[in-house]
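Chains as they are written, first to last, in the numbering used here: chain A, 691 to 855; chain B, 691 to 855. What follows is a short report on a single structure.
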DNA sequence: GAGAATTAGTTACAAGCGCAACCAATGTCA
DNA sequence: TGACATTGGTTGCGCTTGTAACTAATTCTC
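Right, dumping it as structure tokens:
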């Protein structure tokens, strides 16, 4: 947007612990770590695999491309996660007859069982995490978070793929 | 307000794009990526190196242990970042005569020059990022962020490198 | 003072990551 | 139709990361 009169940060000092990008990165890493531990301990899967399962649980049938878009994952990460899940019998692929480049991925029965076990864990974790924060505050927080995410996507320029929770 | 009746997630479904850990991780990664690009393009250093420089610029003289604690970095990451910075002539180490296990790290003149160039860039980036968000909202956002970070540190439980416990 | 335990910091190693290159199928357009 | 561009997806490669093991110095305990 504006490239000229930058909002003039009052003083020219920087304290890392108050620097927003830093703080967001720290909290994001914490989230990812805590959840990752749960998933791997209880189900032997990692965050990328969880994200794939979550999207399939929510949407039912998706191509890898869709998964990447929805879950903000790089296509190579999706590819590897799907392969891993397939190896473990949690998803299966079916070639799309209309476009044989892509394949639909779906949860198997075992995969759905995992999904149904993870969801309450994940929701419980989230609930415990925000416990004590008032709904209003939380709502505002999430609104600002959306803005920052959108703006960040813009500032960071084009690419896909995160690491994460 | 409500501290006992857990926010009761209405239904037992989970939408990843509304799942807080996921969202925090995505935004944190975006931040990191965008900034990392700036640092690497303009100064040829990465995020870990930047964090070290930032702490030294702020505090002047620190051991690697301190840096790790302050900047939330694993000690191996600190070790490698400091080595890299030393190799490039941005920091120097001086053994502590009182305790010869540790060494004090400081910015060299060149390092300080880099620091003084980066700070305004970083602050400008941050300012552009939060542009348009009202100070009140931002303040609340940061307050909640602090709570989440603290809680996250707790939930994620024992991992970080240093002293802790 | 002699171990044993602890701490600062480095290094070997394996896992995870994104980029780039690639393959195969589809779309475009003359 | 036929050449070229685009798209879904996989794989090779180098880089970064955290875990664990290690060295060296210091502290603790008897």
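Glycine residues also receive a C-beta, built at the ideal position from the N, C-alpha and C atoms.
Rounded straight-line distance, which links the Cα of residue j to that of residue i
i: residue 776 (chain B); j: residue 819 (chain A); result: 40 Å
i: residue 803 (chain A); j: residue 716 (chain A); result: 32 Å
i: residue 836 (chain A); j: residue 707 (chain B); result: 10 Å
i: residue 694 (chain A); j: residue 724 (chain B); result: Here the model assigns residue 694 (chain A) a pLDDT of 29, short of 50, so the residue's position is not dependable and the matter cannot be decided.
i: residue 793 (chain B); j: residue 783 (chain B); result: 6 Å
i: residue 827 (chain A); j: residue 834 (chain B); result: 8 Å
i: residue 747 (chain B); j: residue 797 (chain B); result: 7 Å
i: residue 750 (chain A); j: residue 780 (chain A); result: 13 Å
i: residue 773 (chain A); j: residue 760 (chain A); result: 18 Å
i: residue 752 (chain B); j: residue 728 (chain B); result: 25 Å
i: residue 730 (chain A); j: residue 800 (chain A); result: 16 Å
i: residue 736 (chain B); j: residue 714 (chain B); result: 21 Å
i: residue 702 (chain B); j: residue 787 (chain A); result: 34 Å
i: residue 763 (chain B); j: residue 718 (chain A); result: 14 Å
i: residue 838 (chain A); j: residue 845 (chain A); result: 10 Å
i: residue 809 (chain B); j: residue 745 (chain B); result: 12 Å
i: residue 807 (chain A); j: residue 829 (chain B); result: 37 Å
Beta-bridge pairing of residue i - partner residues as DSSP gives them
i: residue 727 (chain B); result: BP columns for residue 727 (chain B) are empty, so no partner.
i: residue 783 (chain A); result: A:795
i: residue 719 (chain B); result: Answer by DSSP bridge pairing: none, since residue 719 (chain B) is not bridged.
i: residue 752 (chain A); result: A:795
Cβ separation of residue i and residue j, assumed to be a contact under 8 Å, to the nearest whole Å
i: residue 710 (chain A); j: residue 816 (chain B); result: 5 Å
i: residue 757 (chain A); j: residue 795 (chain A); result: 7 Å
i: residue 720 (chain A); j: residue 842 (chain B); result: 4 Å
i: residue 811 (chain B); j: residue 704 (chain A); result: Their Cβ separation, rounded to whole angstroms, is 10 Å, which puts residue 811 (chain B) and residue 704 (chain A) out of contact at 8 Å.
i: residue 831 (chain A); j: residue 831 (chain B); result: 6 Å
Taking 8 Å as the threshold, find out whether the stretch 764-775 of chain A comes into contact with the stretch 736-747 of chain A through three or more Cβ pairs.
Yes, the stretch 764-775 of chain A is in contact with the stretch 736-747 of chain A.
Using a Cβ-Cβ cutoff of 9 Å, what residues of the stretch 808-830 of chain A are near chain B? List them in chain order.
Listed in chain order, the positions of the stretch 808-830 of chain A with a beta carbon within less than 9 Å of a beta carbon of chain B are 808, 809, 810, 812, 813, 814, 815, 816, 817, 818, 819, 820, 821, 822, 823, 824, 825, 826, 827, 828, 830.
Given a limit of 7 Å on CB to CB distance, which residues of the stretch 741-757 of chain B reach chain A?
Residues of the stretch 741-757 of chain B with a Cβ closer than 7 Å to any Cβ of chain A, in chain order: 741, 744, 745, 748.
By the 7 Å beta-carbon criterion, what residues does the stretch 761-788 of chain B contribute toward chain A?
Residues passing the 7 Å Cβ filter: 761, 762.
Check distances from the C-beta atoms of the stretch 709-728 of chain A to those of chain B and list, in chain order, the residues that come in under 8 Å.
Listed by position, the residues of the stretch 709-728 of chain A near chain B (Cβ gap below 8 Å) are 709, 710, 711, 712, 713, 714, 715, 716, 717, 718, 719, 720, 721, 722, 723, 724, 725, 727.
Cβ-based contacts, 7 Å cut-off: residues of the stretch 833-849 of chain B near chain A
Per Cβ criterion, the list reads 834, 835, 837, 838, 839, 841, 842, 843, 845, 846, 849.
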